Amino acid sequence: MEVVPFLRDLSETAGVSGYEEGMRELVIRQFGQFADEVRTDKLGNVIALKRGDTRSPRPCIMLAGHMDEIGLMVTQLKEGFLHFTSVGGIDPRVLLGQEVIVHGRRDLRGIIGMRPPHVLSQAEREKPRPMEELFVDVGLPQEEVAQLVRVGDVVTIYRRFMELRNGWVAGKGFDDRAAVAAIAFCLSELARMRHQWNVYGVATVQEEVGLRGAITSTYHIMPEVGIAIDVGFGLIPGQPEGKSIKMDKGPAIAFGPNIHPQVHKGLVEAAQALEIPHQIEPIPGRTGTDAWAMQVTQEGVPTGLISIPLRYMHTSVETMVIRDIERTGRLLAGFISRLDGAFERALHEQPQMGKAM
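See the structure below:
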């Protein structure tokens, strides 16, 4: 499977939390090339099933990566300008000067502006301007704007996918569409491998506003093992190494209270056996990812977390290395191919919580 064309399509498609309908056909089409079944649920999650080789009933593993992105929502129309709030976690400092698409009665191109610094007081110039002082300008008369835009319409950043040098890429929405690409890559690898367990690959919705898609899809599937795939903070100058993972050094395998030690051990052993570059990421509390929702569903699910290194998270120029996505997909496939009855039995042994393998 070629990762770049799929990631390009994912990145350039609008899919704010709760409004992921534009993403679904892309994901269904890609997952459908390698899975036995693909469907959607009532919340909008895309769920692919690739059946294992053993007789039924088979244990199952669930892979989850969220396909929603952060965005904006119109709160007020004033003199032809659009005031807005955020959907998900957006830093107002990265918004000024961005090109956007307003998804009104028809899509409208616009820019985010504010009063020029020349008319601000000295104190105002020294501080970032709050979101309430920013606005979207679509360049239309007030009357036409009122006909085309309503309060509640969503706004997305307009950014074209960019290929940098040596397999590096930049764009919007890599958090967490890189994981959706990694799951598709995993399914493509499994298509030429034998595996005993059923595999559910899930592109979840509404992660950025509360892990909602992971909660509902895990509740329905109730897998023996759940693995969330998300992005982690790629190392950049001025950022502590203890809170970062290195770029182009493979995925980071998490451990901590949110992670079942047997799942962590199995992922590390698979990476070592396949000679896949990887990192270890200690997370002492809840991870803030779909892994937390998976872990505490119903009576609980043994859960793992894999993080793909990413720079400039929650901006329109998120940057990553395609090799890290491919390594993540190969690691997942290799781990799944090793799952058997002995691993399932080991999950029910008393875990030594918090111990890294």
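Positions 32 to 388 (my numbering) are the ones given, in order, by the sequence shown. Heads up, the beta-carbon is just placed ideally off N, CA and C, and yes, glycines get one too. From a predicted model like this one, the values you see are computed outputs, not experimental measurements.
Residue i versus the options, residue with shortest Cα-Cα distance
i, options, result
"isoleucine 92", "Gly83, Asp99 and Met98", "Gly83"
"alanine 177", "Arg369, Leu108 and Arg342", "Leu108"
"threonine 85", "Ser48, Gly96 and Trp228", "Trp228"
"aspartate 184", "Thr116, Met224, Gly331 and Gly202", "Thr116"
"isoleucine 246", "Ala95, Ile276, Glu33 and Arg60", "Ala95"
"lysine 6", "Thr249, Pro148 and Tyr343", "Nothing in the structure corresponds to residue 6, since the chain is present only between 32 and 388."
"glutamine 64", "Asp72, Pro88 and Glu33", "Glu33"
"lysine 277", "Asp261, Glu312 and Ala302", "Glu312"
"leucine 113", "Ile132, His97 and Gly119", "Ile132"
"glutamate 110", "Arg342, Gly265, Gly287 and Pro172", "Pro172"
"glycine 232", "Ile78, Pro315 and Met344", "Ile78"
"glutamine 293", "His379, Ile214 and Gly244", "His379"
"valine 186", "Gln153, Gly141, Pro161 and Gly198", "Gly141"
"isoleucine 290", "Glu306, Gly319 and Pro268", "Gly319"
"leucine 126", "Arg60, Gln153, Met162 and Ser152", "Met162"
"valine 200", "Ala364, Arg354 and Gly372", "Arg354"
"glutamate 220", "Val256, Glu357 and Gly297", "Glu357"
Beta-carbon separation (whole angstroms), residue i vs residue j, contact threshold 8 Å
i, j, result
"aspartate 206", "glutamate 349", "6 Å"
"glycine 192", "glutamate 100", "It is worth fixing the name first, because residue 192 is phenylalanine in this sequence and not glycine. At roughly 13 Å, the Cβ-Cβ gap does not stay under 8 Å, so phenylalanine 192 and glutamate 100 are not in contact."
"isoleucine 367", "valine 230", "6 Å"
"threonine 249", "valine 332", "6 Å"
"serine 48", "valine 240", "5 Å"
"alanine 212", "phenylalanine 37", "5 Å"
"isoleucine 284", "alanine 259", "About 12 Å separates the two Cβ atoms, so there is no contact after all."
"leucine 336", "aspartate 261", "7 Å"
"lysine 81", "aspartate 72", "Their Cβ separation, rounded to whole angstroms, is 17 Å, which puts lysine 81 and aspartate 72 out of contact at 8 Å."
Delimiting residues of the beta strand (DSSP E) encompassing residue i
i, result
"methionine 54", "Looking at the DSSP string, methionine 54 is not in any beta strand (DSSP E); the run it does join, the alpha helix (DSSP H), is 52-63."
"aspartate 138", "138-144"
"threonine 359", "Run containing threonine 359: none in the beta strand (DSSP E); it sits in the alpha helix (DSSP H), 353-368."
"arginine 70", "68-71"
"serine 338", "334-341"
Three-way DSSP call (helix, strand, coil) for residue i in this model
i, result
"glycine 244", "helix"
"histidine 114", "strand"
"tyrosine 189", "coil"
"leucine 80", "strand"
"glycine 320", "Correcting the residue type first, residue 320 is threonine in the shown sequence and not glycine. Here threonine 320 sits in coil by DSSP."
"methionine 224", "coil"
"aspartate 168", "strand"
"glutamate 349", "strand"
"glutamate 163", "helix"
"histidine 309", "coil"
"valine 125", "helix"
"glutamate 157", "coil"
"isoleucine 214", "helix"
Residue range of the unbroken alpha helix (DSSP H) whose run includes residue i
i, result
"methionine 104", "Unbroken run through methionine 104 is the beta strand (DSSP E), 102-109; no alpha helix (DSSP H)."
"valine 131", "No alpha helix (DSSP H) holds valine 131; the beta strand (DSSP E) holding it covers 130-134."
"histidine 295", "292-304"
"leucine 94", "Careful: leucine 94 lies outside any alpha helix (DSSP H), inside the beta strand (DSSP E) at 91-97."
"valine 35", "34-43"
For residue j and residue i, the rounded distance between their alpha carbons
i, j, result
"lysine 280", "proline 340", "8 Å"
"leucine 139", "glutamate 174", "15 Å"
"phenylalanine 374", "threonine 334", "14 Å"
"methionine 145", "glycine 46", "26 Å"
"alanine 222", "leucine 103", "39 Å"
"glutamate 164", "histidine 295", "46 Å"
"arginine 136", "valine 180", "6 Å"
"proline 268", "histidine 251", "43 Å"
"glycine 385", "isoleucine 143", "With a pLDDT of 48 at glycine 385, under the threshold of 50, the modelled position of this residue cannot be trusted; read the value that follows with caution. In a straight line, the C-alpha of glycine 385 is about 45 Å away from that of isoleucine 143."
"glutamine 310", "proline 282", "6 Å"
Within-8 Å CB hit, residue i to chain D
i, result
"valine 35", "This model lacks chain D altogether; it includes just one protein chain."
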